[in-house]
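Notes follow the structure.
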Amino acid sequence: MPSPFKFRIDLKRLILLLSIFIAIITFINTIYASYNVQREIIINDTLESNRVYAAKLAYSTEQFLLSSQQQLAYSAKTLQDKMDDDAVLTAETERLLMQNNNFNSVFVVRNDGTMLSFHPTSIPLKGVKIRSAGSIEAIELKKPIISDPYVSSVNNYVIVQSYPIFSADKRYLGYVGGSFYLEKENILNSILGEHYHRDSSYLYVVDKHKRLIYHPNRVGEIITNNSVIDTVIKSKSGADRVVNSKGVDMLAGYAYIPISGWGVVAQKPVSITLAELNSQIKKVIINTVPLAILTLIFIWFCTYLISQPLGKLASAVEDLDSHFINDRIRSIRSWYFEADRIKQALLSGMNLVNQRINKLNLDSLTDPMTKLYNRRGLKVMITELQKNHKSFSIIAIDIDHFKRINDNFGHDMGDKVIQLVAKLMTDSFRGADVLCRAGGEEFLMLLPETDLKAAAFLAERLRANTELSEMPDNVHNITISLGLSFWSVDSEATIEESLSLADKALYSAKNQGRNRVVVADNLTN
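In my numbering, the protein residues as written are 1 to 525.
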């Protein structure tokens, strides 16, 4: 007696639950896949946009610094024999400062560090011995430099660009320089800040020591835990996703400035980048709810319709002699108890029958001795080549003096010779070529997409290999004769006519003394 407490899910509930599960999984997968694809596109586009933006700003900054260096170089040449002329020094520093307002201040410093001239004159530094990091570096290196940021003698956070002054006899006299106040307005800040806060993006610049020399509010801070900064100061440019020193997930593009060793980084928070996408996905989900409800109602209705015929089928399939259940059983999923019993029994029998039919079909198409196609198999392959619109060369082969081998050594030896020739054919040609034993000692080959010239070369190679091959027992080396023709999909000739031409070429080869290759095109009427 069946236990009253044993739960057994019925077919109707199973179909309903399965359909709902599939619908939900499909919906979730569609939304998830769509979100991921759009997310990757937006992230990649933002990374590329930031990379291009950073590269553009880096190029503009590079050009600005080169221009400033050229101006300083001009002044250095002007002052090379005027270092003792106070009026000239004053006029030149004033001119350089007022020329295009590149610098916040301009100055000339002697080789002992003494300030010879300084503009603006509102800062009284003339005659003062300068011991700042930038001045010491310029005097020691005696070459054009852009200093690291430092606090000047008047408490400005500055970067100094300087150019050495040499006399006509190459003596180092000092340098002319200009300063950029990092925390005040100047052209450099204008270049970097022109597009600041572009759609929640922002830009910053670091020097080779990872110090921020331009930032909306963190100038002077050294950043030690940012992979993008670590990369850009190694003279590299590109784009990457990075969590910045404040723990914010960013999409950053970066570019290196060779003249100064600085790195420009343009970045945008990932959360801001994806905010619009998240909003759109929510709208999609909300707009899909009505359709989802209609879909569930439709699934319930279909479940009701399907359950009755499947229930009847479950009790009817015990009759394996029925001729009407094969198509239905193939459509039943095997997780049902009743369906699984019938499906396994029927599919097992069907598989066995199919295997036997396939074996019989293969046996009917191949020659048992050589495993090559027989004439029936040849017809099947010709039909396949025609269906695929493929032209092919035809090689007809006959073993020379085969009757003599049978008469002198017996039919068993003749069979071995046939098998050996078949093996030589198999080893010498491609897997796509059709190899056939036409009967007795005659063979036929179809070479798809192979012209007569190439086929003749392959035929000659097979002929030579056969002649040089060692024969079994006391049989002397055998030879073969080969006749070639070609059938094209564009030809007016039929395949039968092309096969006949190959046969004629074969007989011509035999008439000419055997052990040779004759091409049908070379036959004369």
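Each residue gets a CB set at the ideal place from its N, CA and C atoms; glycine is no exception.
All values reported here derive from a predicted model rather than from experimental measurement.
Exercise. Going straight from the alpha carbon of F107 to that of W262, what length do you get?
Worked result: Roughly 24 Å between the two C-alpha positions.
For this session: Within 10 angstroms of the Cβ of P164, are there 16 or more other Cβ atoms? Answer buried if so, exposed if not.
Result: buried
Problem set entry | With 16 other Cβ atoms within 10 Å as the buried cut-off, status of Y59 | exposed
Exercise. Of the residues K416, L378 and E497, which one's Cα is nearest the Cα of L444?
Worked result: L378
Exercise. Among I297, R241, E460 and P258, which one has its Cα closest to the Cα of S271?
Worked result: R241
Problem set entry | Cβ contact check for the stretch 114-131 and the stretch 85-92: 3 or more pairs under 8 Å | yes
Exercise. Relative to the alpha-carbon of S279, which residue among Q38, E442 and N29 has its alpha-carbon at the smallest distance?
Worked result: Q38
For this session: Give the secondary structure of H411 by DSSP, where H, G and I count as helix, E and B as strand, and everything else as coil.
Result: Three-state result, H411: helix.
For this session: Under the assumption that V248 contacts P269 (Cβ atoms under 8 Å), give the Cβ distance between them as a whole number of angstroms.
Result: 6 Å
For this session: Flag this pair as yes or no: are the beta carbons of E460 and K390 separated by less than 8 Å?
Result: no
Exercise. Is S428 closer than 8 Å to L462 when the C-beta atoms are compared?
Worked result: yes
For this session: Would you list the residues sitting across from M115 in a DSSP beta bridge?
Result: V109
Exercise. If we ignore side chains and look at the alpha-carbon of each, how far apart do S237 and T46 end up?
Worked result: Counting only the Cα atoms, T46 lies some 16 Å from S237.
For this session: Report all residues from its chain with a CB closer than 7 Å to the CB of I145; omit the five preceding and five following residues, and keep chain order.
Result: So the list reads E137, A138 and S162, once near-sequence residues are dropped.
Problem set entry | Nearest neighbour of E276, chosen from F392, Y35, T370 and I20 [CA to CA] | Y35
Exercise. Whole-angstrom Cβ separation of V284 and I31, contact assumed at under 8 Å?
Worked result: 7 Å
For this session: Would you mind reading off the limits of the beta strand (DSSP E) that contains F180?
Result: F180 -> beta strand (DSSP E) spans Y172 to Y181.
Exercise. From L79 to Y175, what distance separates their C-alpha atoms?
Worked result: Near 10 Å, if we compare the C-alpha coordinates of Y175 and L79.
For this session: Tell me whether V151 sits in a helix, a strand or coil according to DSSP, three-state version.
Result: The three-state secondary structure of V151, taken from DSSP, is strand.
Exercise. Apart from the five residues on each side of it in sequence, which residues of its chain come closer than 7 Å, Cβ to Cβ, to D521?
Worked result: For D521, where only same-chain residues beyond five positions count, the Cβ hits under 7 Å are L452.
Exercise. Any idea what DSSP makes of R95, helix, strand or coil?
Worked result: helix
Exercise. Mind checking I297: buried by the 16 CB within 10 Å criterion, or exposed?
Worked result: exposed
For this session: Flag this pair as touching only if the stretch 418-432 and the stretch 490-498 have three or more C-beta atom pairs under 8 Å; answer yes or no.
Result: no
For this session: Leaving aside the five residues before and after A76 along the sequence, list all residues of the same chain whose C-beta is less than 7 Å from its C-beta, in chain order.
Result: Y163, P164, I165 and V176
Exercise. Taking C-alpha atoms, which residue in S49, S508 and I41 lies nearest to Y202?
Worked result: When each option's Cα is compared against that of Y202, the closest is S49.
Exercise. So who's on the other strand from Q267, going by DSSP bridges?
Worked result: Y202 and A252
For this session: Return the Cβ separation of F538 and E441 in integer angstroms, given the expectation that the two are a contact with Cβ distance under 8 Å.
Result: Residue 538 cannot be examined here, being either before or after the span of the chain that is shown, 1 to 525.
Exercise. Can you check whether the CB of L182 is closer than 8 Å to the CB of V158?
Worked result: yes
Exercise. Among I20, I22 and F27, which has the Cα closest to the Cα of N287?
Worked result: F27
Exercise. Does the distance from the C-beta atom of L372 to that of C436 stay below 8 Å?
Worked result: With contacts defined as CB atoms closer than 8 Å, L372 and C436 qualify as a contacting pair.
Exercise. Does DSSP put A377 in a helix, in a strand, or in coil?
Worked result: Reading off the sequence, residue 377 comes out as Gly, not Ala. G377 carries a helical assignment under DSSP once its states are collapsed to helix, strand and coil.
For this session: Name the residue from K210, I9, I405 and S105 whose alpha carbon lies nearest to the alpha carbon of D230.
Result: Per the Cα distances, K210.
Exercise. Helix, strand or coil for I165 per DSSP?
Worked result: strand
Exercise. What does DSSP give as the partner residues of M445 in its beta bridges?
Worked result: I395 and L435
Exercise. What does a CB cutoff of less than 8 Å around V529 pick up in its chain, not counting 5 residues either side in sequence?
Worked result: Past the edges of the chain, shown from 1 to 525, lies residue 529, and the structure says nothing about it.
Exercise. Tell me the DSSP bridge mates of K129?
Worked result: T114
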